[in-house]
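Only one structure is covered here, and it is reproduced in the block below.
Residue numbers (this note's numbering), protein chains in the order written: chain A, 1 to 105; chain B, 106 to 317.
This is how it looks when you write it as structure tokens:
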């Protein structure tokens, strides 16, 4: 069903946002269909294996379109997680506070 | 945003390891949505657990077996499938409407979502990979008989094959033909004959003796 944890997280975030009324399911299906079409046009074999990549891309765009989180915010936070992951010793949970440029450090 | 993975572990400058790009994007999105109060991490866990363990084609099999045994239930399914399915405790989370499409000797039904992957989650769980794949989505419409052949299903030439294209608002559940030789069987026993594929239309209900 979910091959990796991130797939399950991405799936559940869309369901949860819909449940709190952030978007309608019709809006969601349309956003997902756009991503799938665009990926196909760019040569994605669209064999179902890449499905949750399209799902996540649709979610990022819809979240930005609904002004829940902007592209820039997502990018900044992605970089923070990246720095945090690289500096967190093995065996310890990765936390944003481990980012060397985190304000709390 | 870049969409490529960096699955290698990068030990270049410290003790940690790089996370794959896709995991970073998911963590970024989730942490921001949680901080802003748009999602609750506990609710996310519940949703994942529900779909991993509680919702699946066994739900749909209960619906089909009951429809085979109980004419009054079948009548309710025909009239308002969403409500009749909810009677068994299976309710959709996306507000979608359910409709059953009944196989007969004359007509076989096949369900697809040509645009993306709309699927009756409440009764079948999450769709299999092939359902989400372009080859199935395209071929089901152009050559349904060929799709059935791919799944090892051969129907008589005279049997009409009807293809139903799901949408965000309307999802279909195929009611397969009840196998011969199951007269007097209980709903529980019958439900074991109802496969996921038989409710999508890419399969038939199992014959008695074939149930796992």
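Glycine included, every Cβ here is placed at the ideal spot set by N, Cα and C.
- In terms of Cβ geometry, residue 257(B) and residue 160(B) do not form a close pair [threshold 8 Å].
- Identification of chain B residues near residue 19(A) by a Cβ-Cβ cut-off of 7 Å yields 198, ordered along the chain.
- When the five nearest sequence neighbours on each side are left out, the beta carbons in the same chain lying within less than 6 Å of the beta carbon of residue 63(A) are those of 69, in order along the chain.
- Approximately 7 Å separates the beta-carbon atoms of residue 189(B) and residue 178(B); this is inside 8 Å, confirming the contact.
- Per the C-alpha coordinates, the member of 165(B), 273(B), 197(B) and 211(B) positioned closest to residue 263(B) is 211(B).
- Not flagged as an interface residue toward chain B: residue 62(A), since no C-beta distance is shorter than 8 Å.
- Taking the Cα positions, residue 137(B) is about 8 Å away from residue 74(A).
- In terms of beta-carbon proximity, residue 144(B) lines the interface with chain A, with at least one pair separated by less than 8 Å.
- Judged by DSSP secondary structure, residue 214(B) falls within the beta strand (DSSP E) whose first and last residues are 212–217.
- Boundaries around residue 178(B) are those of the alpha helix (DSSP H), 176–184, since no beta strand (DSSP E) includes it.
- In terms of CA proximity to residue 213(B), 283(B) leads the group 283(B), 312(B) and 129(B).
- Following the DSSP letters along the chain, one finds residue 277(B) inside the beta strand (DSSP E) bounded by residues 275–280.
- Taking C-beta atoms as the reference points, residue 84(A) and residue 123(B) fail to come closer than 8 Å.
- Between residue 78(A) and residue 129(B), the C-beta spacing is below 8 Å.
- Fewer than three beta-carbon pairs drawn from the segment 286–298 of chain B and the segment 217–229 of chain B are found closer than 8 Å, and the two stretches are therefore not classed as touching.
- Listed as beta-bridge partners of residue 152(B) by DSSP are no residues whatsoever.
- In the structure shown, residue 202(B) falls within a strand segment according to DSSP collapsed to helix, strand and coil.
- For residue 99(A), no Cβ of chain B is located within less than 8 Å of the residue's own Cβ.
- By a beta-carbon distance limit of 8 Å, residue 228(B) does not contact residue 269(B). Their separation comes to about 15 Å.
- Excluding residues up to 5 positions away in sequence, 230 and 231 lie with their Cβ nearer than 7 Å to the Cβ of residue 156(B) in the same chain.
- Residue 168(B) is not bridged by DSSP to any residue.
- Secondary structure note for residue 299(B): it is in no beta strand (DSSP E), with a DSSP letter that is neither H nor E.
- Under a criterion of Cβ atoms nearer than 7 Å, the residues of chain B adjacent to residue 33(A) are, in order, 220 and 221.
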